[in-house]
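Asker: The numbering of the sequence shown is our numbering, which starts it at 15 and goes up by one.
A single structure is presented below for examination.
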Amino acid sequence: MRIHKVISTILHPIVLPTIGVMLYFLLIPNSFRSNQKFTLLSIVFICTYLIPLLVLFVFKKFKIIKNYQTESIKERKLPVAIMIIVFYVLGNTIYNIANLRDLSMLFHASSLGLFLIYLLFNLKIKASIHLLSFGISIGFFLILSYTYNQSMLLIIIVLLFLSGILASARLHLKAHNNKEIYLGFFIGIASSLSIHFIL
């Protein structure tokens, strides 16, 4: 049980956006200086890592949630709603930066995916946000691979492998059932592909 909690924590959704941006700058040719990349990476880290932690801390302090795992649908609604807005604003901000429109897909897709997850709450379905984030990342790198005619097969295989490990951990923790795992994952991939065609 302990190892499953460790896996679930290490592969938490809030770490993937920052890793995604780092990989983007490493793999995709661009004219940005190191200080510009660092500034953008810092903004992404604050918005997608520190803000969610702060939100959960405040909600826990005021007993809006019982624990940081936000196990029930009721507890998840407000944090998810806040992150839908944060990701959307971040996506719009990056979209308006020249030569970074394709990177904005990562954040618009995250906003769309979380919105779909939120809609499922009304049907009493708690789709996995952990697997959603991996589905979004896989979709994002599939799109980059197609757009830049550059093989990113290794990254995609690694993400698929980690998705399997994470799915197993979430099931062992009884955080989700099979349907919720698959729903989260495929909503993530679908969100990335949809945003690609919309933008």
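We put the CB at the ideal spot given by N, CA and C, even for glycine.
Predicted model, so just to flag it, every value in this text is computed and none were measured.
CA-CA distance, Met-119 and Ile-152?
Answerer: The residue labelled residue 119 in the question sits at position 105 within the sequence shown. The residue labelled residue 152 in the question sits at position 138 within the sequence shown. Each residue's Cα considered, the two are about 12 Å apart.
Asker: Rounded to the nearest angstrom, what separates Val-103 and Asn-163 at their Cα positions?
Answerer: Counting from one through the sequence shown, the residue named residue 103 turns up at place 89. Counting from one through the sequence shown, the residue named residue 163 turns up at place 149. Rounded to whole angstroms, Val-103 to Asn-163 spans 29 Å at the Cα level.
Asker: Between which two residues does the alpha helix (DSSP H) holding Ala-123 run?
Answerer: By one-based count along the sequence shown, residue 123 stands at place 109. Where Ala-123 is concerned, the enclosing alpha helix (DSSP H) stretches over 115-135.
Asker: Can you say whether Gly-178 is buried or exposed, counting buried as having 16 or more other CB atoms within 10 angstroms of its CB?
Answerer: Here residue 178 refers to the residue found at position 164 when the sequence shown is read from its first residue. By the neighbour-count rule (16 or more Cβ atoms within 10 Å), Gly-178 is not buried but exposed.
Asker: Report the CB separation of Asn-98 from Ser-125 in whole angstroms; it is logged as a contact under 8 Å.
Answerer: Here residue 98 refers to the residue found at position 84 of the sequence shown. Here residue 125 refers to the residue found at position 111 of the sequence shown. The sequence given here has Ile at residue 98, not Asn. 5 Å between Cβ atoms; contact.
Asker: Please work out which residues of its chain come closer than 7 Å, Cβ to Cβ, to Ile-201, disregarding the five sequence neighbours upstream and downstream, and give them in chain order.
Answerer: For the purposes of this step, residue 201 is taken as residue 187 along the sequence shown, with counting starting at 1. Same-chain partners within the cutoff: Gly-127, Leu-130, Ile-131, Ala-141, Leu-146, Gly-149.
Asker: With DSSP run on the structure shown, which of helix, strand or coil describes Lys-77?
Answerer: Taking the first residue of the sequence shown as position 1, residue 77 is located at position 63. Coil.
Asker: Note down the Cα distance separating His-18 from Ala-181, rounded to an integer number of angstroms.
Answerer: On the sequence shown, residue 18 is found 4 positions in, with the first residue counted as 1. On the sequence shown, residue 181 is found 167 positions in, with the first residue counted as 1. Taking the straight line joining both Cα atoms gives about 10 Å.
Asker: Spell out whether any CB of chain C is found under 8 Å from the CB atom of Thr-84.
Answerer: Included in the structure is just one protein chain, with no chain C present.
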